[in-house]
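**Q**
There are 2 protein chains.
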Amino acid sequence: MTVLILTCRQDVTADLVVAELREQGVPLVRFDPADLPDRAALSAEFDRGDFTGYLSTEGRLVGIHGLRSIWVRRPGRPAAHAANPSEWLTAECGQALYGMLYATTARWMNHPGAAEPARHKPFQLRVAQHSGFAVPSTLVTTYPRAARDFAVRCADIVVKSASGPPSVDPPVALPTTRIGPDADFSDVAAAATLLQRYIPKRADIRLFCVGAELFAARKTAASGQVDGRFGCHGHPWEPVAVPARIAKSVHAYMTFTGLAYGAFDFAEDADGGWWFLECNQGGQFGFVELETGQPIAAAVASWLAAPHTARPRRSPPAPRSAEPPGAPPMPPPEAPPETPPGIRPTHHGL
Amino acid sequence: MTVLILTCRQDVTADLVVAELREQGVPLVRFDPADLPDRAALSAEFDRGDFTGYLSTEGRLVGIHGLRSIWVRRPGRPAAHAANPSEWLTAECGQALYGMLYATTARWMNHPGAAEPARHKPFQLRVAQHSGFAVPSTLVTTYPRAARDFAVRCADIVVKSASGPPSVDPPVALPTTRIGPDADFSDVAAAATLLQRYIPKRADIRLFCVGAELFAARKTAASGQVDGRFGCHGHPWEPVAVPARIAKSVHAYMTFTGLAYGAFDFAEDADGGWWFLECNQGGQFGFVELETGQPIAAAVASWLAAPHTARPRRSPPAPRSAEPPGAPPMPPPEAPPETPPGIRPTHHGL
Chain A
1 MTVLILTCRQ
11 DVTADLVVAE
21 LREQGVPLVR
31 FDPADLPDRA
41 ALSAEFDRGD
51 FTGYLSTEGR
61 LVGIHGLRSI
71 WVRRPGRPAA
81 HAANPSEWLT
91 AECGQALYGM
101 LYATTARWMN
111 HPGAAEPARH
121 KPFQLRVAQH
131 SGFAVPSTLV
141 TTYPRAARDF
151 AVRCADIVVK
161 SASGPPSVDP
171 PVALPTTRIG
181 PDADFSDVAA
191 AATLLQRYIP
201 KRADIRLFCV
211 GAELFAARKT
221 AASGQVDGRF
231 GCHGHPWEPV
241 AVPARIAKSV
251 HAYMTFTGLA
261 YGAFDFAEDA
271 DGGWWFLECN
281 QGGQFGFVEL
291 ETGQPIAAAV
301 ASWLAAPHTA
311 RPRRSPPAPR
321 SAEPPGAPPM
331 PPPEAPPETP
341 PGIRPTHHGL
Chain B
1 MTVLILTCRQ
11 DVTADLVVAE
21 LREQGVPLVR
31 FDPADLPDRA
41 ALSAEFDRGD
51 FTGYLSTEGR
61 LVGIHGLRSI
71 WVRRPGRPAA
81 HAANPSEWLT
91 AECGQALYGM
101 LYATTARWMN
111 HPGAAEPARH
121 KPFQLRVAQH
131 SGFAVPSTLV
141 TTYPRAARDF
151 AVRCADIVVK
161 SASGPPSVDP
171 PVALPTTRIG
181 PDADFSDVAA
191 AATLLQRYIP
201 KRADIRLFCV
211 GAELFAARKT
221 AASGQVDGRF
231 GCHGHPWEPV
241 AVPARIAKSV
251 HAYMTFTGLA
261 YGAFDFAEDA
271 DGGWWFLECN
281 QGGQFGFVEL
291 ETGQPIAAAV
301 ASWLAAPHTA
311 RPRRSPPAPR
321 SAEPPGAPPM
331 PPPEAPPETP
341 PGIRPTHHGL
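Heads up: the protein sequence lines correspond to chains A and B, in order.
For what it's worth, the UniProt record's numbering labels the leading residue of the first sequence as 1, then goes sequentially.
For what it's worth, the UniProt record's numbering labels the leading residue of the second sequence as 1, then goes sequentially.
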């Protein structure tokens, strides 16, 4: 049973997991959809109720029925490396490849059907509320006046991108920026803008959930620091224990979204409380593993290598609506309930 | 409680449903994501565990909590009509809009998380096999030799696009084309190609599943006709009864994929058997309704207008792997089993 890793050629994070899988003696194939159809090939046949198929790349051939798991790491755009690339060639090759893979019994980290809603920040915030996390007050708006009112109420806010920095050449950084209520909000009308109450933080927390395993790391913040991704503050990432209440909320979040992997960002406030900022379903872990020595790549490898079981957790649960009708009102974020409303057991397996 | 229709301005199919909803006295808002942020606006606030939000377009304002359903008809690309459109503006506005909508309790026709896998033809074929449909032998491949072998085995095949015609200007038609085993298959290496055993057909069947309701129409084929979408053969669409076995398979397919709406294409063979060709999760119904008088738009409107229930069927079930491990081998398509393997009851509601 083979592990399929969908990623591009230059991917150090995938390299870490590949090394772990090799050490565990687990067969794997690294496949870049961009290599279709010139440097990689596929074939799938449907005949009298039966389905067979295989993928081939760099001289390796793997049967579709032999796939135990699929890791969607950083796949290239289908047929991007083709001699004559086109939108249509990308569509045809993407249809063939992902259509084949959806038809397998493999477990996904993460299934694209679960990843799609989970990429959206407003959905993340709502699921986080229901999962019992403390979530800073947040506004997403195209109304300058709503933005101004929010800033006045919060007094101290940050503005950040919902979708990340623009893909331009040369690349631009788009750090989270702290602003006050007297800022000029007229440009809010030009694009949906995400504003969030500023949480004075004493540390950044990055928490990785890999299946059921949790790894958290903490990085002390410089005084007044807003966005820890930019600038060097001299503080290293250090392993930190996960409070039981946070662990419970993380598992609720993962169940609700159907993700098998998630990289959570928190701000640790002056009282030691963890505030949910976001969950990146494809977030990096290599830089934390290198500094803390936490065995995250090994955990990913073990999850991918796990054998099929009689009732495998191999399919994502529904990307569900974030709020059941008639759910009890949420308590304030300072006191998340022991059993967050809105979460019910999820139905894995068939 | 309002129905939200995500579609572009010119959409006759949406017009039919809007007319039905107006007749039923159901409030609705028609919203084109392309109008963000200049001609449409949005705002969502997350505060102390609570979530409020609204959308505004053409002077109408609708609260997010007042949405009963969302119809993803033919939405424009977010911010496509903006004064200064860009990839990044599209990403930011899309994040804000869809993130808000995923966070609501509304029922979806169809949820993007369910629609994404369901668009892929190889996945469709595998789910169709498991749902008990007769499926023509099909090969999706980049191997010229596999294509040639398949053509020799089947003797008479058609070649079709997996993803539809290319988006080029002027538009090109890409009809399904009948070929024999002596064709030149060398170009198969240049793109994933879909080949299918030719089913000599006496009619095309188009079946619409709207929630639990089924509407089927039949169009007698001209002698030797391959692709009924092209050319005028003088035969009108006529209503046709849905065989019980087909109805059962359709419901299994919908349950498996989590779709609320699907347009199924079948070929009726000389013995009256229906062969599954595809299920288009966003397929048109207007042209059939106009010819047959079947109340499909009314059914869509009724589904969208249905009130929330205590345990609503509002969230898509998992886009599941198409094949459980250890499933018994499928019988030949001529005799679909009474209970197709691979299908289990699906868990709607929370």
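Even glycine gets a Cβ: it sits at the ideal position worked out from N, Cα and C.
For chain B, check one thing: does any of its Cβ atoms lie closer than 8 Å to the Cβ of Y143 (chain A)?
**A** True, the Cβ-Cβ gap to chain B drops below 8 Å.
**Q** Give me the DSSP bridge partner(s) of P239 (chain B).
**A** P239 (chain B) is bridged to B:A217.
**Q** Would you tell me roughly how many angstroms separate the C-alpha atoms of P345 (chain B) and T255 (chain B), rounded to the nearest one?
**A** Residue placement at P345 (chain B) cannot be trusted, given a pLDDT of 28 that sits under 50; what the coordinates show is reported in the next sentence. Cα-Cα distance, rounded: 8 Å.
**Q** Once DSSP output is grouped into helix, strand and coil, what is the label at Y54 (chain A)?
**A** In the structure shown, Y54 (chain A) sits in a strand (DSSP, three-state: E or B).
**Q** In whole angstroms, what separates the C-alpha of residue 377 (chain B) from that of A191 (chain B)?
**A** The structure shown does not extend to residue 377 (chain B), since chain B spans only 1 to 350, so no value can be given for it.
**Q** Could you check the C-alpha separation between E268 (chain B) and A203 (chain B) for me, to the nearest Å?
**A** Roughly 5 Å separates the two Cα atoms.
**Q** Hey, could you find the ends of the alpha helix (DSSP H) A297 (chain B) is sitting in?
**A** Looking at the DSSP string, the run of the alpha helix (DSSP H) that includes A297 (chain B) is I296 to A305.
**Q** Have a look at S43 (chain B) and W88 (chain B) and give me their C-alpha separation to the nearest angstrom.
**A** In a straight line, the C-alpha of S43 (chain B) is about 19 Å away from that of W88 (chain B).
**Q** Quick check on the burial criterion: 16 or more other C-beta atoms within 10 angstroms. Buried or exposed for P319 (chain B)?
**A** With a pLDDT of 44 at P319 (chain B), under the threshold of 50, the modelled position of this residue cannot be trusted, and the question is left open.
**Q** Taking CB distances under 8 Å as the criterion, tell me whether F46 (chain A) reaches chain B.
**A** Cβ-Cβ to chain B under 8 Å: yes for F46 (chain A).
**Q** Looking at C-beta atoms only, is the number of pairs between the segment 91 to 103 of chain A and the segment 118 to 127 of chain B that lie closer than 8 Å three or more?
**A** Because the criterion of three Cβ pairs below 8 Å is met, the segment 91 to 103 of chain A and the segment 118 to 127 of chain B touch.
**Q** Report yes if the CB atom of I205 (chain A) is closer than 8 Å to the CB atom of R218 (chain A), and no otherwise.
**A** Result yes, Cβ atoms of I205 (chain A) and R218 (chain A) sit closer than 8 Å.
**Q** With DSSP run on the structure shown, which of helix, strand or coil describes F46 (chain B)?
**A** Here F46 (chain B) sits in strand by DSSP.
**Q** Considering only the alpha carbon of each residue, which of B:I296, B:P85, B:C279 and B:E213 lies closest to P117 (chain B)?
**A** Ranking the options by Cα distance to P117 (chain B), first place goes to B:C279.
**Q** With a threshold of 7 Å, establish whether the CB of A82 (chain B) neighbours any heavy atom of the ligand MN.
**A** The model depicted lacks the ligand MN and carries no ligand whatsoever.
**Q** If you draw a straight line from the alpha carbon of T90 (chain B) to that of Y143 (chain A), how long is it in whole angstroms?
**A** So the two alpha carbons sit approximately 17 Å from each other.
**Q** Taking DSSP's pairing of strands, which residues face K121 (chain A) in a bridge?
**A** Answer by DSSP bridge pairing: none, since K121 (chain A) is not bridged.
**Q** Output, in chain order, the set of chain B residues within a Cβ distance shorter than 9 Å of R245 (chain A).
**A** Within 9 Å Cβ-Cβ: nothing; R245 (chain A) doesn't reach chain B, min ~15 Å.
**Q** Between the alpha carbons of M109 (chain A) and L28 (chain A), how many angstroms are there, rounded?
**A** C-alpha separation (whole angstroms): 15 Å.
**Q** On the DSSP letters alone, give me the boundaries of the alpha helix (DSSP H) that S163 (chain A) sits inside.
**A** Run containing S163 (chain A): none; DSSP gives neither H nor E here.
**Q** Just the Cα atoms here: how many angstroms apart are F285 (chain A) and I64 (chain B)?
**A** The straight-line gap from Cα to Cα measures roughly 36 Å.
**Q** Could you check the C-alpha separation between residue 374 (chain A) and T193 (chain B) for me, to the nearest Å?
**A** With chain A represented from 1 up to 350, any question about residue 374 (chain A) goes unanswered, as that position is not in the structure.
**Q** Taking CB distances under 8 Å as the criterion, tell me whether S167 (chain A) reaches chain B.
**A** Chain B contact via Cβ: present.
**Q** Considering only residues of the same chain and omitting the five flanking positions on each side of W237 (chain A), which have a CB-CB separation below 8 Å?
**A** Same-chain partners within the cutoff: R206, A217, R218, K219, F287, V288, E291 and T292.
**Q** Does the beta carbon of P122 (chain B) come closer than 8 Å to any beta carbon on chain A?
**A** Closer than 8 Å: yes.
**Q** Please check if any C-beta of chain B sits within less than 8 Å of the C-beta of L36 (chain A).
**A** Chain B contact via Cβ: present.
**Q** Which same chain residues, not among the five before or five after residue 351 (chain B), have their C-beta less than 8 Å away from its C-beta?
**A** Any property of residue 351 (chain B) remains undetermined from this structure, which presents chain B solely from 1 to 350.
**Q** Rank B:R73, B:F51 and B:G53 by C-alpha distance to the C-alpha of P33 (chain B) and give the top, closest one.
**A** Of the listed residues, the one whose Cα sits closest to P33 (chain B) is B:R73.
**Q** Taking 6 Å as the limit between beta carbons, can you name the residues of its chain near A80 (chain B), skipping five residues before and five after?
**A** Same-chain partners within the cutoff: A34.
**Q** Using the beta-carbon of each residue, which ones in chain A are nearer than 9 Å to T138 (chain B)?
**A** Neighbours of T138 (chain B) on chain A, chain order: A44, E45, F46 and D47.
**Q** Give the list of continuous beta strand (DSSP E) stretches no shorter than 3 residues that lie fully inside the segment 66 to 135 of chain A.
**A** Fully enclosed beta strand (DSSP E) runs of 3 or longer: 67 to 74 and 107 to 109.
**Q** Closest to A298 (chain B) by C-alpha separation, out of B:F123, B:S137 and B:A19, would be which residue?
**A** Selected option, being the one with the closest Cα: B:A19.
**Q** Report the rounded CA-to-CA distance for L4 (chain B) versus G258 (chain A), giving the unit in angstroms.
**A** Roughly 26 Å separates the two Cα atoms.
**Q** Note down, in chain order, every chain B residue with its Cβ under 7 Å from the Cβ of Y98 (chain A).
**A** The contacting residues are H120.
**Q** If you draw a straight line from the C-alpha of A151 (chain B) to the C-alpha of E92 (chain A), how long is it?
**A** About 20 Å.
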